[in-house]
Amino acid sequence: MTTGQRIAQKRKELGLSQEALGESLGVSRQAVSKWERGDGMPDIMLLPHIASFYDTTVDELLGCGLIQKQSRIQDFVREYKLLHSQGKTAERLALSRAMQKAYPNDETVLYYLMRVLQNGYIEESLDEIITLGEKLLKSTSSATFTGIRKSMERLQ
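For the sequence shown, my numbering assigns the number 7 to the initial residue and increments by one for each residue that follows.
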């Protein structure tokens, strides 16, 4: 999601028109429209005002939180795979649970949690595995769907 798309999304969540947002920030409706279309960016000096108006941070407005999340997810996958290669199922479960707390709806985290439950805790976790699989099937892309479907088939 671009900065302009985040500005538009937050504006719509508040039920504001582009004109109303522009008035609040001291810019024209056309300026707001330009940002939201991705044809321009707000002046750097205006970013703190926009963030404050939306009760967020400049980092979140610019998408820096997403970059940090992606990096943490990549680190998680690397550590998970290392623990898997070492046969450390309990450690993989603890790692996956910690990441689930931080990112409860992230498809990658849910997928790896489901996998570790399938590999070491299937008897006591069957209901949770099925719930995770169903959640992933509802929210995931078609590329990830193939891997999830194969994992679910192994349960049956």
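Every residue gets a Cβ at the ideal spot worked out from N, C-alpha and C, and that includes glycine.
Quick check: what's the CA-CA separation for residue i versus residue j?
| i | j | result |
| --- | --- | --- |
| Ala104 | Arg98 | 10 angstroms |
| Thr8 | Leu142 | 25 angstroms |
| Gln11 | Asp65 | 14 angstroms |
| Ala100 | Pro110 | 14 angstroms |
| Gly46 | Lys40 | 6 angstroms |
| Ser58 | Ser77 | 26 angstroms |
| Glu113 | Ser145 | 8 angstroms |
| Gly93 | Gly44 | 48 angstroms |
| Gly69 | Leu88 | 29 angstroms |
| Thr95 | Pro54 | 45 angstroms |
| Ser23 | Asp61 | 18 angstroms |
| Leu123 | His90 | 12 angstroms |
| Ile136 | Glu42 | 40 angstroms |
Which of helix, strand or coil does DSSP assign to residue i?
| i | result |
| --- | --- |
| Ser23 | coil |
| Leu161 | Because the pLDDT at Leu161 is just 49, under 50, the model does not fix this residue reliably, and the value given afterwards should be weighed accordingly. The answer is helix: DSSP assigns Leu161 an H, G or I state. |
| Thr9 | helix |
Buried or exposed: which applies to residue i, given that a residue is buried once 16 or more other Cβ atoms fall within 10 Å of its Cβ?
| i | result |
| --- | --- |
| Lys16 | buried |
| Ala108 | exposed |
| Asp133 | exposed |
| Leu20 | exposed |
| Gln80 | exposed |
| Gln74 | exposed |
| Glu129 | exposed |
| Gln36 | exposed |
| Ile13 | buried |
| Leu72 | exposed |
With distance defined between alpha-carbon atoms, name the residue in the options nearest to residue i.
| i | options | result |
| --- | --- | --- |
| Gly32 | Arg43, Lys18, Ser102 and Pro48 | Pro48 |
| Ile56 | Lys75, Ala26 and Gln124 | Ala26 |
| Val52 | Ser30, Arg43 and Gly71 | One point to set straight first is that residue 52 is Leu, not Val, in the sequence displayed. It is Ser30 whose Cα lies nearest to the Cα of Leu52. |
| Leu116 | Ile50, Leu72 and Phe82 | Phe82 |
| Leu138 | Met120, Glu85, Leu22 and Val38 | Met120 |
| request: Could you pull out every unbroken alpha helix (DSSP H) segment of at least 4 residues lying fully inside the segment 33-121, listed in chain order? | output: 35-43, 53-59, 64-68, 70-91 and 95-108
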